[in-house]
Amino acid sequence: MSELSAEQGAKPVAIAGAATRYRDVLIALAVFIVLALLPALTSSKFLLDFVIRCAAYGLFATSLNLLVGYTGLTSFGHGMFFGLGAYGFGLTMQKTGVPVPVAFAATLVITFVVAAVIGAICVRLKDIYFAFVTLAFQMLIHSTILSWVSFTGGDQGLRGGIPRPPFLGIDLSNHLHLYIFSCALLVIGLLLMRQIAQSPFGYTLRMIRDNTTRASFVGIDVYRAKLTIFVLAALFASVGGMIMTLFVSGAYPEFAYWTISGEAIFINMLGGVTTFLGPMVGTVILLILNDTVTRVTEYHGIVLGIVILFFAIGLRKGLMDFAFEWFAARREAKE
Amino acid sequence: MDIDALTGCLVTPSCLVTQTTSGLIIGMLLFLVAVGLTLIFGVLKVVNFSHGAFYMFGAYFAMTTYQFTGSFALAMLAGAIGTAIIGLVFERVFMSRVYGHDVLMQLLVCYAFVLIFDDVVRMIWGPEFKSMGMPSAFQVAPLFIAGGVVPPYYLLLIVVALVAALILGLGLSRTRIGKVIRAAAHNPGMVSALGINTGLIYGGVFALGGMLAGLAGALAAPVRSLTPGMGFSVLIESFIVTVIGGMGSILGALVGALLIGLIRSFGSLGFPLFTEGLMYLFMVIVLVSRPSGLFGKEVA
Chain A
860 MSELSAEQGA KPVAIAGAAT RYRDVLIALA VFIVLALLPA LTSSKFLLDF
910 VIRCAAYGLF ATSLNLLVGY TGLTSFGHGM FFGLGAYGFG LTMQKTGVPV
960 PVAFAATLVI TFVVAAVIGA ICVRLKDIYF AFVTLAFQML IHSTILSWVS
1010 FTGGDQGLRG GIPRPPFLGI DLSNHLHLYI FSCALLVIGL LLMRQIAQSP
1060 FGYTLRMIRD NTTRASFVGI DVYRAKLTIF VLAALFASVG GMIMTLFVSG
1110 AYPEFAYWTI SGEAIFINML GGVTTFLGPM VGTVILLILN DTVTRVTEYH
1160 GIVLGIVILF FAIGLRKGLM DFAFEWFAAR REAKE
Chain B
19 MDIDALTGCL VTPSCLVTQT TSGLIIGMLL FLVAVGLTLI FGVLKVVNFS
69 HGAFYMFGAY FAMTTYQFTG SFALAMLAGA IGTAIIGLVF ERVFMSRVYG
119 HDVLMQLLVC YAFVLIFDDV VRMIWGPEFK SMGMPSAFQV APLFIAGGVV
169 PPYYLLLIVV ALVAALILGL GLSRTRIGKV IRAAAHNPGM VSALGINTGL
219 IYGGVFALGG MLAGLAGALA APVRSLTPGM GFSVLIESFI VTVIGGMGSI
269 LGALVGALLI GLIRSFGSLG FPLFTEGLMY LFMVIVLVSR PSGLFGKEVA
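From first to last, the protein sequence lines are chains A and B. The first sequence begins at 860 in my numbering and counts up one residue at a time. The second sequence begins at 19 in my numbering and counts up one residue at a time.
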């Protein structure tokens, strides 16, 4: 696992104190203000749509990094929670007509319960077996969505639009409101995940990743820590799915298909897992890549495949890892 | 759900025979793909995510060869040899660069080739569904066993897969090459220190695995429709098979494949929409009760 671990081989780190936390909050605020001002500068609906998609996939991919990069749990079925968020939110809105925040909270509760049950089974397993059993659960949920036609709409997905009644002066059927709402969720979600990663618990996870035996010897309940991060990551993935549902005003079985997990892993590799924002960078790259390549050629698989090969065999790391190491090397050379 | 159809079939001999044979051929094809997967994992410690592409290439090679020569035997040969060559090149040029690296890195290289291979097939043969058609030698009246219909081609398929399983099992346990391969799986450093070219073994095992998947594809070509991306569902199913049987175990692959084949054929009667779900459910149950699979060695 050596070359893919977050902040591996770094200098001795002090656990984030209040100072870094204020810094993170300030950065998050600044980013949110820039994103919120964007509609004033450009009227391009395409750009705003792009940011909304980045918010959905970015939250999802970053939450996967909490498992892959920080804990060393290679989940191959993380997309099931993206799908669960999308379907949970869409179905609650369609069937009950409760206000958006209630549906939002209800979906988080559903995700929490499902993730706790699935996680309790999965995190007992290691490495490749963990990857496969998560994949199996993902496909189980996908098959359930496909076969439960009366409830989920089967392979047609949730159609007829998701009702989005206004709440607290926010009208999510308004494109601008939806944009600001997604940006806020993205920034808050990233900030929360950053806090988890920098907390003592976050460093416990790194220890489990680096040496599970030692972690359990110093008295860490490894099973419990793994289960906790599995559920937490699922919640953030679910928020990503909810943004997606709001954006497309529907939910489709593809949201729960294994390829969505594959894409998230690919995003993580592309951006790099050693930095917190690596998955975010990866999301932007993949979405741009997908959008441009599909426009240029119908054989976008070949182009995408060659790009992946370049990263996997050529760079052997993600873009942010590469940049990070390059800067570190330069700083060292100066000193 | 249609439990009546399932119980009804279980008490009718003709239906029982038909469903069992169809389960067996699904299982046998899966076995040929899964055994290559499990062999590659056992020796190279690599999960070959692009294994489904070899199945696909095998089918397309067989179809084209059959169209040009009209010979069924040549078509099978082309499917097997062609994919063996692709497997060898793929392993030597690309996979050998990521041994000893993170599992994710290996999966990514394979994922890249899943995308590339699918598009290559789309470029050469086109995106539409193709079919090879049943060779004339097998266009004879089906056999009737206890009232159930059994096409002769199914019997050939089952026999070929069983022979392959037997040759593979005996070859690995009885021959010198088999011993070397097992030794390389156990301790590649020592094998290489004894003057044996491990790179050659790795390439050979990958080619063998690819060849078996190609043979499965070639055998499936007359009875399935061909499309780019056809390898993927087979890949996922053979993953399930290897995980159920235990990674690295040939007997496990055989048992797992037959179980999945039977679950598919009988499950499609009782739970027509949830057949795939049944397989995943079965896999979850096996993994939870025996994490290393039915015939896998205990993971330390």
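Every residue gets a Cβ at the ideal spot worked out from N, C-alpha and C, and that includes glycine. Computed from a predicted model, the values in this text were never measured in an experiment.
**Prompt:** Excluding sequence positions up to five away, which residues of its chain have a Cβ less than 7 Å from the Cβ of I1088 (chain A)?
**Reply:** L925, L926, T930, L1064
**Prompt:** Can you tell me the Cα-Cα spacing of L918 (chain A) and S149 (chain B), whole angstroms?
**Reply:** 43 Å
**Sequence-distant residues of the same chain with beta carbon closer than 6 Å to F935 (chain A), five excluded per side** = A990, T993, L994, S1120
**Prompt:** Between R1164 (chain A) and F257 (chain B), is the Cβ-Cβ spacing less than 8 Å?
**Reply:** Residue identity differs from the one stated: residue 1164 (chain A) is Gly in this sequence, not Arg. Against a cut-off of 8 Å, the Cβ pair of F257 (chain B) and G1164 (chain A) comes out as no contact.
**Asked** What is the DSSP secondary structure of V168 (chain B), counted as helix, strand or coil?
**Response** Strand at V168 (chain B).
**Request:** Note the first and the last residue of the continuous alpha helix (DSSP H) segment covering F67 (chain B).
**Result:** Counting along the chain, F67 (chain B) falls outside any alpha helix (DSSP H), and DSSP gives it neither H nor E.
**Message:** With the cut-off set at 8 Å, would you say A23 (chain B) and G288 (chain B) are in Cβ contact?
**Reply:** yes
**Residues near G45 (chain B) in its chain [Cβ-Cβ closer than 6 Å; skip 5 each side]** = When the five nearest sequence neighbours on each side are left out, the beta carbons in the same chain lying within less than 6 Å of the beta carbon of G45 (chain B) are those of A275, L276, G279, in order along the chain.
**Item:** 6 Å Cβ shell around P240 (chain B) - same chain, five flanking residues per side excluded
**Value:** Within the same chain, P240 (chain B) has close Cβ partners M150, M152.
**Prompt:** Does any CB atom of chain A fall closer than 8 Å to the CB of R140 (chain B)?
**Reply:** The C-beta of R140 (chain B) comes closer than 8 Å to at least one C-beta of chain A.
**Per-residue DSSP class, three states only, for F1010 (chain A)** = Secondary structure at F1010 (chain A): helix, using DSSP grouped into helix, strand and coil.
**Asked** Which residue comes first and which comes last in the beta strand (DSSP E) that contains F162 (chain B)?
**Response** 161–163
**Message:** Assess contact between the stretch 1115–1131 of chain A and the stretch 114–131 of chain B, defined as three or more Cβ pairs (one per stretch) separated by less than 8 Å. Is contact present?
**Reply:** Remark: three or more beta-carbon pairs, one from each stretch, lie closer than 8 Å, so the stretch 1115–1131 of chain A and the stretch 114–131 of chain B are flagged as touching.
**Asked** Does DSSP put F292 (chain B) in a helix, in a strand, or in coil?
**Response** coil
**Of the residues A:I987, A:V1008, A:V1090, the one placed nearest S922 (chain A), counting alpha carbons only** = A:V1090
**Through-space distance from P960 (chain A) to T38 (chain B), alpha-carbon basis** = Straight-line Cα distance between these residues: approximately 52 Å.
**Message:** Run through chain A and tell me which residues come within less than 7 Å of Y84 (chain B), C-beta to C-beta.
**Reply:** Those do not exist, as Y84 (chain B) stays about 27 Å from chain A at its closest Cβ, beyond 7 Å.
**Message:** Counting only C-beta atoms, is L133 (chain B) closer than 8 Å to chain A at any point?
**Reply:** yes
**Request:** Could I get the ranges of all uninterrupted alpha helix (DSSP H) runs contained in the stretch 225–270 of chain B, with 4 residues as the minimum, in chain order?
**Result:** 248–263
**Request:** Taking Y172 (chain B) as the query, report the chain D residues whose CB atoms sit under 8 Å from its CB, ordered along the chain.
**Result:** No chain D is present in this structure, whose protein chains are A and B.
**Prompt:** Between L312 (chain B) and chain A, is there a C-beta pair that is closer than 8 Å?
**Reply:** Chain A has no Cβ within less than 8 Å of the Cβ of L312 (chain B).
**Item:** Beta-carbon neighbours of V261 (chain B), restricted to chain A and to distances below 7 Å
**Value:** F991
**Request:** Can you check the stretch 1120–1181 of chain A for any beta strand (DSSP E) of at least 3 residues that lies completely inside it and give the ranges in chain order?
**Result:** none
**Prompt:** Under 8 Å between C-beta atoms, does E294 (chain B) make it to chain A?
**Reply:** E294 (chain B) belongs to the set of residues whose beta carbon lies under 8 Å from a beta carbon in chain A.
**Beta carbon proximity, Y129 (chain B) to chain A, threshold 8 Å** = yes
**Helix, strand or coil at K985 (chain A) according to DSSP, with G and I counted as helix** = coil
**Prompt:** How would you list, in chain order, the residues of chain A whose beta-carbon sits under 7 Å from the beta-carbon of R115 (chain B)?
**Reply:** I1172
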